[in-house]
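Remarks on the structure that follows.
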Amino acid sequence: MIEKSLKELSQALAAKKISSVELTQLYLDRITRFNPQLNAFVTVNADKSLAAARAADQRIAQGNAGPLTGIPVAQKDIFCAEGWLTTCGSKMLSNFVSPYDATVIERMERGAGLVSLGKTNMDEFAMGSSNETSFFGPVKNPWDQERVPGGSSGGSAAAVAARLAPVATGTDTGGSIRQPAALCNLTGLKPTYGVVSRYGMIAFASSLDQAGPMGRSAEDCALLLNTMAGFDERDSTSLERPAEDYARDLDKPLDGLKIGLPKEFFGDGCDPEVMAAVRAAIAEYEKLGAKVVEVSLPNSHLAVAAYYVIAPAEASSNLSRFDGVRYGYRAPEYGDLNDMYCKTRAQGFGAEVKRRILIGTYVLSHGYYDAYYLQAQRIRRLIADDFAAAFKECDVILGPTSPGTAFKLGEKASDPVQMYLSDIYTIAVNLAGLPGMSVPCGFAKGLPVGLQLIGSYFSEARLLNVAHRYQQATDWHRRAPAGLE
Amino acid sequence: MSLTLEQVQRIAHLARIEVSESEARTTQGQLNNIFQLIEEMQAVDTKGVEPMAHAQDVSQRLREDKATEPNRREAYQAVSPEVEAGLFLVPKVIE
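Protein chains in written order, with my numbering: chain A, 1 to 485; chain B, 1001 to 1095.
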């Protein structure tokens, strides 16, 4: 049962071969058994999950079920969910029971009838690439429990990889869906900026944040994205577009597909074994009828620098709301109002979050705004223009998702700059606002390797098609970590 | 560019985050490493390039100026550290 696709689970539910309550209980039991070692979930509430499963079973019995009604899902703890503890991986929100639902939660659970299994661990306020900045402790990679699962959606990645959930939500500001997907052998998609509503998704860097699906296959991701995406008037950056079926093109042949290989992604700085797996995937695509062309993204080496101005600047503004007044943590002892703010924020935020708030405060402060924030936004335009030029030569861009495989817990934790560089291939995609995916494409020393696919704006269905055809021809995505049966 | 200890303390004050002197020293080193990474950007000539805030050239949507949300004050105040009579309590601001 735990290896079945969403489509197969949906068919089993429709045929009454299993009920949603049984399926939910099966996953809750696995969470009870394996979560203590993996720390993928920070909150589980069996009563709430089973109540939702019963409601789903009723919908199925009444014949008004949608394609994913009754399917369990793990929700990243960045999404506000009414009545659920919603912590964003932070002490600051460690007591916050959300009084309302994010649009993503509303659509998936109240609308489509998916059943939440709980809230997954994550880097604090989604700031991190290893899940080690979480107030609730690191998540272990199911492929090697001495290693990180990636981040910031590390709990969601570990949960799906360990089969503690069939599918999960993630969010991606600089690679936070794609990098953990790569490190845990999953398929993950960051949609075009503006496709999925950010309402109720705790903000990190508002001009970059985008939610998306994480699963075991492109097909599962397409079906989940169908329940997440769509215009929402409550998010002022949500794009008004007609609804799409993201699974509509999955089976289209790839004959004539032009794949662009940016020469900047195939130079130094990538683990040679990772590169070998990516090269083998390219050969597989050629067998499937694709043509390969070289393209160039000449400004991509500036992406990390621009990102570490823009993201902290926006974060310093967004996180100013955590002041100990309306919700969340408040320091137990303080003097005047200013002291209450300063102590609350000193105690409630972890080291990485504080660093980024300080960078952001500095680059936005009087006299530095033009040199940093505006300069970064101009470089952002150059990066987006590079992609636009490249997409004149090709349909999709392909390269590695991450320069290495999962690293050891603690290996990069003390060196922020090293940690930031693990996102060198993913960050440019967020700056440009493009859709990007990670797809399993092999192993290096027993650890999963991810292939990144980048498309032009609103090409999610095409990307999913390109990933799905590859997954029909290969079985990397079906491999599961050992020892969790 | 290199931040001084005083600058780090000044930024922390602006951000309303209390830092001890030893924390400020550690932070100073880390921030300067990060700024070294960021400096790479400064050499790039961006004259005439329009800053980009959103990938699509969209403008802010406007809506009619009328209340659309129900009043849920009690639910929203239930998660506050301290409330009284429908008000959020903070230390006295004006003597």
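Idealized CB from N, CA, C, for every residue including glycine.
Nearest to residue i (by Cα), restricted to the options the options
i        : options                            : result
R1010(B) : S365(A), T405(A), P99(A), E264(A)  : S365(A)
G174(A)  : N141(A), E219(A), D123(A)          : D123(A)
L117(A)  : F136(A), D47(A), A55(A)            : D47(A)
L93(A)   : I105(A), L319(A), A276(A)          : L319(A)
V115(A)  : G350(A), D370(A), P166(A), G446(A) : P166(A)
L26(A)   : G200(A), L224(A), M1(A)            : M1(A)
T192(A)  : A432(A), Q472(A), V466(A), N465(A) : A432(A)
E109(A)  : S134(A), G137(A), A56(A)           : A56(A)
M437(A)  : F458(A), L421(A), A444(A), K445(A) : F458(A)
C88(A)   : T69(A), N131(A), R54(A), E284(A)   : N131(A)
S90(A)   : K76(A), D370(A), G63(A), F136(A)   : F136(A)
N386(A)  : W84(A), V195(A), L38(A), K263(A)   : One detail in the question is off: residue 386(A) reads as Asp in this sequence, not Asn. Ranking the options by Cα distance to D386(A), first place goes to K263(A).
V439(A)  : Q452(A), A428(A), L447(A)          : Q452(A)
G267(A)  : T43(A), P403(A), A126(A), N64(A)   : P403(A)
G1086(B) : A1053(B), Q1077(B), E1040(B)       : Q1077(B)
A351(A)  : E106(A), T133(A), K291(A), G155(A) : T133(A)
Cutoff 7 Å: residue i Cβ touching any chain A Cβ
i        : result
P1070(B) : no
E1074(B) : no
Q1030(B) : yes
E1084(B) : no
E1050(B) : yes
R1016(B) : yes
S1020(B) : no
S1002(B) : no
I1011(B) : yes
Any C-beta of chain B under 7 Å from that of residue i
i       : result
V396(A) : no
I379(A) : yes
P99(A)  : yes
G433(A) : yes
S346(A) : Note that residue 346(A) is Ala in the sequence shown, not Ser. So, interface residue.
R330(A) : yes
C184(A) : no
L254(A) : no
Q472(A) : no
L337(A) : yes
C441(A) : no
I105(A) : no
Y425(A) : no
M494(A) : Within the shown structure, residues of chain A are numbered from 1 to 485, placing residue 494(A) beyond reach of any answer.
C88(A)  : no
M340(A) : yes
CB of residue i within 7 Å of CB of residue j, strictly
i        : j        : result
A461(A)  : D251(A)  : no
S153(A)  : G128(A)  : no
A1015(B) : L358(A)  : yes
Y308(A)  : I1038(B) : yes
A40(A)   : N121(A)  : yes
A444(A)  : T405(A)  : yes
F96(A)   : V1079(B) : yes
G442(A)  : V449(A)  : yes
L434(A)  : I379(A)  : no
T86(A)   : S49(A)   : no
G230(A)  : C80(A)   : no
I202(A)  : I78(A)   : yes
Q471(A)  : A218(A)  : yes
A290(A)  : L257(A)  : yes
S5(A)    : P67(A)   : no
Under the three-state DSSP convention, the category residue i falls into
i        : result
V42(A)   : strand
N141(A)  : strand
M108(A)  : helix
G118(A)  : strand
G360(A)  : helix
Q1056(B) : coil
D339(A)  : helix
M437(A)  : strand
E294(A)  : strand
M497(A)  : Here chain A covers residues 1 to 485 and nothing more, so residue 497(A) does not appear.
F266(A)  : helix
I383(A)  : helix
T171(A)  : strand
F96(A)   : coil
Any chain C beta carbon closer than 7 Å to residue i
i       : result
P416(A) : Annotation note: the requested chain C is absent from the structure, which comprises protein chains A and B.
field: Proximal residues, the region 305–328 of chain A versus chain B, C-beta separation under 7 Å
entry: A305, A306, Y308, V309, S316, G324, V325, R326, Y327
- prompt: Mind listing which residues of the region 151–179 of chain A have their C-beta closer than 8 Å to chain B's C-betas, in chain order?
  reply: Those would be none; no residue qualifies.
query: Taking a cut of 8 Å between CB atoms, which residues from the region 1037–1064 of chain B lie near chain A?
result: L1037, I1038, E1039, E1040, M1041, Q1042, V1044, T1046, V1049, E1050, P1051, M1052, A1053, H1054, A1055, Q1056, V1058, Q1060, R1061, R1063
- prompt: If you measure beta-carbon to beta-carbon, which residues of the region 194–217 of chain A are closer than 9 Å to chain B?
  reply: Along the region 194–217 of chain A, the positions whose C-beta sits under 9 Å from a C-beta of chain B are G194, S207, read in chain order.
field: Residues in the region 354–366 of chain A having any Cβ partner in chain B nearer than 7 Å
entry: K354, R355, I357, L358, I359, T361, Y362, S365
- prompt: Listed in chain order, which residues of the region 217–248 of chain A have Cβ atoms closer than 9 Å to some Cβ of chain B?
  reply: E233, S236, T237, S238, L239, E240
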